[in-house]
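K.L.:
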Amino acid sequence: MAQPAPLVMLIGVAALGVFINFSIHKIEEGHVGVYYRGGALLSKTSEPGYHFMLPLLTTFRSVQTTLQTDEVKNVPCGTSGGVIIYFERIEVVNKLDSSAVFDIVKNYTADYDKTLIYNKIHHELNQFCSSHNLQEVYIDLFDQIDENLRKALQSDLYEMAPGLTVQAVRVTKPKIPEQIRKNYEAMEGEKTKLLIAIQKQKVIEKEAETDRKRAIIEAEKVAQVAKIQWDQKIMEKESEKKMSEIEDATHLAKEKAKADAEFYRADRESEANKVKLTDAYLEMLKYQAISSNTKIFFGSSIPSVFMDSSLFTDSQKLEGEAVPKSQAKKSK
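Per UniProt numbering, residue 1 is the first one in the sequence shown, and the count goes up by one each step.
(1) From the DSSP output, read off the bridge partner residues of Thr58.
(2) Quick check: the Cα distance between Arg37 and Thr65, rounded to an integer number of angstroms?
(3) Under 8 Å between the Cβ atoms of residue 372 and Val137?
(4) How should Gly33 be labelled, buried or exposed, when 16 other C-beta atoms within 10 angstroms of its C-beta is the threshold for buried?
(5) Kindly indicate the opening and closing residues of the beta strand (DSSP E) around Glu47.
(6) At which residues does the alpha helix (DSSP H) containing Ala280 begin and terminate?
(7) Helix, strand or coil, according to DSSP, for Ala5 in the structure here?
(8) With distances taken between CB atoms, is the gap from Ile104 to Gly163 smaller than 8 Å?
(9) Could you work out which residue in Ser46, Met9, Ile11, Leu41 is closest to Lys26 when comparing CA atoms only?
(10) Residues in the same chain with beta-carbon distance under 7 Å from Ala168, minus the five sequence neighbours each way, listed in chain order, please.
(11) Measure from the alpha carbon of Ile145 to the alpha carbon of each residue in Thr172, Lys120, Met160, then state which is nearest.
(12) Looking at the structure shown, is Leu10 part of a helix, part of a strand, or coil, going by DSSP?
(13) For the alpha helix (DSSP H) containing Leu125, list its first residue and its last residue.
(14) With DSSP as the reference, please indicate the residues paired to Lys73 in a beta bridge.
(15) Could you please give me the residues that DSSP links to His31 through a beta bridge?
(16) According to the neighbour-count rule (16 or more other Cβ atoms, all chains shown, within 10 Å of its Cβ), is Ser309 buried or exposed?
(17) What separation, rounded to the nearest whole angstrom, lies between the Cα atoms of Ser43 and Glu29?
(18) Look at the Cβ atom of Val75, then the Cβ atom of Phe60, and state whether they are nearer than 8 Å.
(19) Going by C-alpha to C-alpha distance, which of Thr165, Gly82, Asn148, Ile216 sits closest to residue 384?
(20) In three-state terms, what does DSSP make of Leu164?
(21) Taking contact to mean 3 or more Cβ pairs, one atom from each stretch, closer than 8 Å, check whether the region 150–159 and the region 113–128 are in contact.
(22) Between Cys77 and Pro174, is the Cβ-Cβ spacing less than 8 Å?
(23) Could you say which of Glu185, Ile90, Ser80 lies nearest to Glu71 if we only look at CA atoms?
(24) Quick one: what does DSSP say Ile246 is sitting in, helix, strand or coil?
(25) Just mark Thr210 as buried or exposed, buried being the case when its beta carbon has 16 or more other beta carbons within 10 Å.
(26) Hey, quick one: how far does the alpha helix (DSSP H) through Tyr138 stretch, first residue to last?
(27) Is Tyr35 buried or exposed, if buried means 16 or more other CB atoms sit within 10 Å of its CB?
(28) Per DSSP, what kind of secondary structure is Lys173 in: helix, strand or coil?
(29) Can you have a look at Ile121 and say buried or exposed, based on whether 16 or more other CB atoms are within 10 angstroms of its CB?
(30) Between the beta-carbon of Pro55 and the beta-carbon of Ser23, is there less than 8 Å?
(31) What did DSSP end up calling Gly189 once you bin it into helix, strand or coil?
(32) Between the beta-carbon of Leu41 and the beta-carbon of Val63, is there less than 8 Å?
(33) Going by beta-carbon coordinates alone, are Asn107 and Phe128 separated by less than 8 Å?
(34) Return the CA-CA distance between Lys254 and Gln288, expressed in angstroms with no decimal places.
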């Protein structure tokens, strides 16, 4: 009868091991644990680490609270012109705040992203396509789809699920009917050719503008050189003029000094003559002149004149013309 005891103990240990195995669970970093008992969400949440729960009665879900990317694939979209196109992949980068986990899971379940992101992407994208034609969706406004979707999603999430934020939305190029795609490719080819032609024209215009600027620079350079040379010639002429003026002024000063000296000398001689030529001195000169003459004539009709006999070649003719024989006397 003692043999069943070890078997009971073994069964008990096994049951305890199973109980512990199902009661201990782990929450990864960047996640929050939520718990259900009998299908009802418990208000209790858990942080990363190991936790205990009642096995079989309680279950848990791990909800990510770090950045995550949800992919929405093959979204059909009808344009305003009736063309059906497909967006192969749309990526939504979002983040759930840990403090909002319980409320969002309570309202939208642990798979909240299906309701708040996947379904909303379909709705917003179809609204966008229905109000635009294929040209706008595929070409003209394609670069705005990402931001428009992000704003539309976030606007609804502020009201429906505070704490869930959309960081970015990335949309791939949609698939369009093959014939339309070929037409767009042909159009893009022509547009590329046009852009190449425009770029070539811009290059030619740029080169022409460069040549024009170069010519202007060269002309300005030549003009500046000519101006410098002309200014140099003017400066040389002005220097020559100044040198000539200086030389003329120097010559004039010399001549003036010479004239002043001559005037001074003449003035001094005049002053000296005034002093020198007295009546007595003149009288002496007169008698000296008389004494040097060889002939002297006297008479009432002859003024007091001194004549040098050497001035006459024919003395007898002069004597006859000057004084009658009856009125003259020959000096002894």
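Where a beta carbon is used, it is the ideal one built from N, C-alpha and C, also for glycine.
P.N.:
In short:
(1) Translated into the one-based positions of the sequence shown, residue 58 becomes position 58. In the DSSP assignment, Thr58 forms a beta bridge with Arg37.
(2) As a first step, residue 37 is located in the sequence shown; it is residue number 37 there, counting from the start. As a first step, residue 65 is located in the sequence shown; it is residue number 65 there, counting from the start. Going by the C-alpha atoms only, they are around 23 Å apart.
(3) The question about residue 372 has no answer here: the residues shown for the chain are numbered 1 through 332.
(4) Within the sequence shown, the letter at position 33 stands for residue 33. With 16 or more Cβ atoms within 10 Å of its Cβ, Gly33 is classed as buried.
(5) Taking the first residue of the sequence shown as 1, we reach residue 47 at position 47. Element bounds for Glu47: n/a, residue is neither H nor E.
(6) Taking the first residue of the sequence shown as 1, we reach residue 280 at position 280. Here the alpha helix (DSSP H) through Ala280 covers 279–291.
(7) In the sequence shown, residue 5 corresponds to position 5, counting from 1. Looking at Ala5 - three-state DSSP - the assignment turns out to be helix.
(8) The residue labelled residue 104 in the question sits at position 104 within the sequence shown. The residue labelled residue 163 in the question sits at position 163 within the sequence shown. Yes, the Cβ-Cβ distance between Ile104 and Gly163 is below 8 Å.
(9) For this step, residue 26 is matched to residue 26 along the sequence shown. It is Ser46 whose Cα lies nearest to the Cα of Lys26.
(10) For the purposes of this step, residue 168 is taken as the residue at position 168 of the sequence shown. Around Ala168: Val93, Arg150.
(11) As a working note, residue 145 is residue 145 in the sequence shown. Checking every option, the nearest Cα to that of Ile145 belongs to Thr172.
(12) In the sequence shown, residue 10 corresponds to position 10, counting from 1. If DSSP states are grouped into helix, strand and coil, Leu10 belongs with the helices.
(13) For the purposes of this step, residue 125 is identified with residue 125 of the sequence shown, where counting begins at 1. Looking at the DSSP string, the run of the alpha helix (DSSP H) that includes Leu125 is 119–130.
(14) Counting from 1 along the sequence shown, the entry for residue 73 is found at position 73. Arg89, per the DSSP bridge assignment.
(15) Numbered from 1 along the sequence shown, position 31 holds the residue referred to as residue 31. Paired residues: Gln64.
(16) Here residue 309 corresponds to residue number 309 of the sequence shown, with the count starting at 1. Its pLDDT being 44, under 50, Ser309 is placed unreliably in this model, and the value from its coordinates should be taken loosely. Counting the other CB atoms within 10 Å of its CB gives Ser309 a total below 16, which places it among the exposed residues.
(17) Taking the sequence shown and counting its residues from 1, the one referred to as residue 43 is at position 43. Taking the sequence shown and counting its residues from 1, the one referred to as residue 29 is at position 29. Each residue's alpha carbon lies about 20 Å from the other.
(18) Here residue 75 is taken as the residue at index 75 of the sequence shown, counted from 1. Here residue 60 is taken as the residue at index 60 of the sequence shown, counted from 1. It is not a contact, given that the beta carbons lie outside the stated cut-off.
(19) The structure shown has nothing for residue 384, since the chain only spans 1 to 332.
(20) Residue mapping note: residue 164 aligns to position 164 of the sequence shown, counting from 1. In the structure shown, Leu164 sits in a strand (DSSP, three-state: E or B).
(21) yes
(22) Translated into the one-based positions of the sequence shown, residue 77 becomes position 77. Translated into the one-based positions of the sequence shown, residue 174 becomes position 174. Their beta carbons are under 8 Å apart, which means Cys77 touches Pro174 by this criterion.
(23) In the sequence shown, the residue the question calls residue 71 occupies position 71. If we check each option's Cα against that of Glu71, Ile90 comes out closest.
(24) Counted from its first residue, the sequence shown places residue 246 at position 246. Helix.
(25) Along the sequence shown, read from residue 1 onward, the residue named residue 210 stands at position 210. When all chains shown are included, Thr210 counts as exposed.
(26) The count along the sequence shown starts at 1 and reaches residue 138 at position 138. Element bounds for Tyr138: n/a, residue is neither H nor E.
(27) Along the sequence shown, one-based indexing puts residue 35 at 35. Classification of Tyr35: buried, given that the 10 Å Cβ count is 16 or more.
(28) The count along the sequence shown starts at 1 and reaches residue 173 at position 173. Annotated three-state conformation of Lys173 is coil, per DSSP.
(29) One-based indexing of the sequence shown puts residue 121 at position 121. Classification for Ile121: buried.
(30) Against the sequence shown, residue 55 aligns to sequence position 55. Against the sequence shown, residue 23 aligns to sequence position 23. Yes, Cβ-Cβ distance for Pro55 and Ser23 is below 8 Å.
(31) Counting from one through the sequence shown, the residue named residue 189 turns up at place 189. If DSSP states are grouped into helix, strand and coil, Gly189 belongs with the helices.
(32) As a first step, residue 41 must be located in the sequence shown, where it is residue number 41. As a first step, residue 63 must be located in the sequence shown, where it is residue number 63. Cβ distance not < 8 Å, so Leu41 and Val63 don't count as in contact.
(33) Counted from its first residue, the sequence shown places residue 107 at position 107. Counted from its first residue, the sequence shown places residue 128 at position 128. Cβ distance not < 8 Å, so Asn107 and Phe128 don't count as in contact.
(34) As a working mapping, residue 254 is identified with position 254 in the sequence shown. As a working mapping, residue 288 is identified with position 288 in the sequence shown. Taking the straight line from one Cα to the other gives about 43 Å.
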